[in-house]
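Just so we're aligned, residue 1 is where the sequence shown starts under the UniProt record's numbering, counting upward by one.
Here is the structure we will look at.
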Amino acid sequence: LSLSLSLSTMVSTHVENPVYDVRLSSVVPGRVTGEDKVQELTNMDLMMKLHYIRGLYFFKSEAVQGLDIFDLKEPMFQWLDLYYPTSGRIRRQSENGRPFIKCNDGGVRIVEARCNKTLDEWLAMKDHSLDHQLLYNQILGPDLGFSPLVFIQFTWFKCGGFSVGLSWAHILGDIFSASTFINMWGQITAGHVSPQSLNMPNTRKYEFPPSTAKKPFSLKRVDPAGDYWLTANNCKMETHSFHVTAKQLNHILSKTFGLSKAANKFPPFEVLSALMWNSLAKIRGEFEPRIVTICNDNSQSRENDFSSNGQVISIVEADFTVMNANLLELAALIGEKRVDERRMIEELEERENGKSDFIMYGANLTFVNLEEANIYGLELKGQKPVFANYTIAGIGDEGVVLVLPGPEDSEHGDGGSNGRTLTVILPGNQISELKNELREKWGIF
Numbered sequence: 001l002s003l004s005l006s007l008s009t010m011v012s013t014h015v016e017n018p019v020y021d022v023r024l025s026s027v028v029p030g031r032v033t034g035e036d037k038v039q040e041l042t043n044m045d046l047m048m049k050l051h052y053i054r055g056l057y058f059f060k061s062e063a064v065q066g067l068d069i070f071d072l073k074e075p076m077f078q079w080l081d082l083y084y085p086t087s088g089r090i091r092r093q094s095e096n097g098r099p100f101i102k103c104n105d106g107g108v109r110i111v112e113a114r115c116n117k118t119l120d121e122w123l124a125m126k127d128h129s130l131d132h133q134l135l136y137n138q139i140l141g142p143d144l145g146f147s148p149l150v151f152i153q154f155t156w157f158k159c160g161g162f163s164v165g166l167s168w169a170h171i172l173g174d175i176f177s178a179s180t181f182i183n184m185w186g187q188i189t190a191g192h193v194s195p196q197s198l199n200m201p202n203t204r205k206y207e208f209p210p211s212t213a214k215k216p217f218s219l220k221r222v223d224p225a226g227d228y229w230l231t232a233n234n235c236k237m238e239t240h241s242f243h244v245t246a247k248q249l250n251h252i253l254s255k256t257f258g259l260s261k262a263a264n265k266f267p268p269f270e271v272l273s274a275l276m277w278n279s280l281a282k283i284r285g286e287f288e289p290r291i292v293t294i295c296n297d298n299s300q301s302r303e304n305d306f307s308s309n310g311q312v313i314s315i316v317e318a319d320f321t322v323m324n325a326n327l328l329e330l331a332a333l334i335g336e337k338r339v340d341e342r343r344m345i346e347e348l349e350e351r352e353n354g355k356s357d358f359i360m361y362g363a364n365l366t367f368v369n370l371e372e373a374n375i376y377g378l379e380l381k382g383q384k385p386v387f388a389n390y391t392i393a394g395i396g397d398e399g400v401v402l403v404l405p406g407p408e409d410s411e412h413g414d415g416g417s418n419g420r421t422l423t424v425i426l427p428g429n430q431i432s433e434l435k436n437e438l439r440e441k442w443g444i445f
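Structure, rendered in structure tokens:
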């Protein structure tokens, strides 16, 4: 059930690339799914087809001490029995070309690699700009029928530390779905999950609030991708992670609200999004973003235990100069003036029927609320990650800001469980300016 292909010489060991000895293999479900099993894709799924989710988890050596690759792979047979669509491949309907998932047990791809740095050395690079080397650069196509929907990369550091990198096609589901998926592998590895089948209907229908607008502002039409699901950028996009400790977060909240009773009204996501919106408006000057997109979880849409693109997609529009606004004003706008665009998105895809391609992340400056995502829920031998992070690939030039839970253990002893990680994907020239702005004004690195 496991096919191994050695690619040991694929990556060199010189200084620029500390990850080496890369090997690829596949793991398939333990039971045959069946020839005629398919997973239909919703309109929202298809709107996400050019986006990819990347999740990365770092563990100390104790979490994998005594474990080898067989111990990590063996639970996957049961895991993929539960999540059998993730082992499928994209096909198109003969009559109209609409994509769907053929549940043919093609498997998920496993990547094994080694790193010539210690875990502490890697994490000391606070910006996480090299983290992409611990994740497989997954793109669907041009041979869609042979493209895995999921890659998992295991990387061993020279100290015995370990990372798990998840590359997940967004067409399968959002970040909440992806993190639940990888957390389930950890539970099965620990023997906490008994064999069962998840409730996975062939079609998923969601009810959305009515809308009077004609087209969604949260989407951008892009050139047809055909069978190679990748969108091009007009500039080089870079990723950087900022760490906001609990102490810094409390400082930001107190400076924003003072003694106002509104302090309890707005959650940290809305305040931090306001801070980043204001900071990027100053950097972009006359091109400041007046319309931004907000992505929130919608737990009500997760009726079954499988994945879905159930996030709430809204837009917020400012009718004032953002760079001169105070954070309370922007936080109130984000918290109280969001316009839900899910129905419009669904209706647009229904009309287009897969004939056109769109992007959502980065069509506007996009803020993704992951405060409630259980990204520290993956455990190995009872150990939680020392750090976990998510990014999104295939985004537009306006950029994305993800607000995630911070590490549960803080080396500074200031309540790290209440801190946040702000991961941004932006044009490279804006990253350096944003670093300066946040460091000088807020002491955030």
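We treat Cβ as the ideally placed atom computed from N, Cα and C, and that holds for glycine.
{"Item": "Length of the line joining the Cα atoms of F257 and L328", "Value": "7 Å"}
{"Item": "The alpha helix (DSSP H) enclosing W185, as first and last residue numbers", "Value": "175 to 189"}
{"Item": "S94 (DSSP reduced to helix, strand or coil)", "Value": "coil"}
{"Item": "Rounded C-alpha distance that separates R98 from D120", "Value": "47 Å"}
{"Item": "Where the beta strand (DSSP E) containing T293 begins and where it ends", "Value": "291 to 296"}
{"Item": "Y228 - DSSP class collapsed to helix/strand/coil", "Value": "coil"}
{"Item": "Y206 to D36 span [Cα, whole Å]", "Value": "Any reading at Y206 must be qualified, since the residue scores a pLDDT of 49, below 50, and its modelled position is unreliable; the value itself is stated next. In a straight line, the C-alpha of Y206 is about 25 Å away from that of D36."}
{"Item": "Exposure label - V32; buried when at least 16 CB within 10 Å", "Value": "exposed"}
{"Item": "Backbone CA spacing between P75 and R290 [nearest angstrom]", "Value": "48 Å"}
{"Item": "Coil, strand or helix - K441 by DSSP", "Value": "helix"}
{"Item": "The beta strand (DSSP E) enclosing A363, as first and last residue numbers", "Value": "Here A363 belongs to no beta strand (DSSP E), and DSSP marks it neither H nor E."}
{"Item": "Closest Cα partner of L67 within the set F162, N104, T42, R114", "Value": "F162"}
{"Item": "Rounded straight-line distance, which links the Cα of W168 to that of I53", "Value": "5 Å"}
{"Item": "Rounded straight-line distance, which links the Cα of F70 to that of D81", "Value": "18 Å"}
{"Item": "Opposing strand residues paired with Q383 [DSSP bridges]", "Value": "L380"}
{"Item": "L333 versus M344, R343, T321, residue with shortest Cα-Cα distance", "Value": "T321"}
{"Item": "Inter-residue spacing [alpha-carbon to alpha-carbon] between E371 and L50", "Value": "24 Å"}
{"Item": "Secondary structure of N389, DSSP reduced to three states", "Value": "strand"}
{"Item": "N- and C-terminal bounds of the beta strand (DSSP E) containing Y113", "Value": "In the sequence on display, residue 113 carries Ala and not Tyr. It spans 108 to 115 - the beta strand (DSSP E) in which A113 sits, taken as one unbroken run."}
{"Item": "Cβ distance (whole Å) where L72 is taken to contact F154 below 8 Å", "Value": "6 Å"}
{"Item": "Check whether L172 and L149 have beta carbons under 8 Å apart", "Value": "yes"}
{"Item": "S314 beta carbon less than 8 Å from that of E341", "Value": "yes"}
{"Item": "Beta-carbon gap between L378 and G88 smaller than 8 Å", "Value": "no"}
{"Item": "Local Cβ density within 10 Å of N369, reported as buried at 16 or more and exposed below that", "Value": "buried"}
{"Item": "Expected contact under 8 Å - CB spacing of W79 and I188 to nearest Å", "Value": "5 Å"}
{"Item": "Inter-residue Cα distance where the pair is P407 and A331", "Value": "24 Å"}
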